[in-house]
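So the structure is just underneath, and the comments pick up after that.
Residue numbers (the numbering used here): 657 to 843.
And the structure:
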């Protein structure tokens, strides 16, 4: 928050959500490509989202949908997670039709022996996991990593406590992230 240094857009001290990204509905965040930011293997992405509108497809998080990862808000309000091998992609869509209120969503991807397994957890469906297995493996790209922008229209809404891990979080660790942000995201 540029007007209140040391606090996020909700007034939470940054030290409580160390290393998380927040967007207030205008602009986007960009991390220039660096070889150390490899999202082509095991990973976890999670965030609190508040969609203002679902009239157009929008990019929430992006590092090339044909490669490492892209998180997209669809016209019907669904959230789709993409990854690919450079020419073919896989898509894992989950239903989220809620606008103008916060919800928490987490995506995990495990890559083992030629198979990628993605699982999505959401506060909307009481954290019941939605799992998809695919032989399409993510590949490394040289794109910048973007929060609130990407290959579609920029995201309009709030993104809070966006976290990216280069490992697979357990369901307990995901629930801990949800609980850590719950009081700040009460609608």
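Every residue gets a Cβ at the ideal spot worked out from N, C-alpha and C, and that includes glycine.
Sequence-distant Cβ neighbours of residue 808 in its own chain, meaning closer than 7 Å and more than five residues away, are 713, 714, 715 and 728.
Beyond the five residues adjoining it in sequence on each side, residue 754 comes within less than 8 Å, by CB distance, of 707, 733 and 780 in the same chain, given in chain order. DSSP places residue 831 in the helix class (H, G or I) of the three-state scheme. Within the stretch 759-838, the runs of alpha helix (DSSP H) at least 4 residues long that lie entirely inside it are, in chain order, 827-838. A check of alpha carbon separations from residue 744 across 703, 705, 735 and 724 identifies 724 as the nearest. Taking each of 700, 793 and 803 in turn and checking the Cα distance to residue 742, the smallest one comes out for 793. Closest in C-alpha terms to residue 762, from the list 686, 770, 748 and 769, comes 748.
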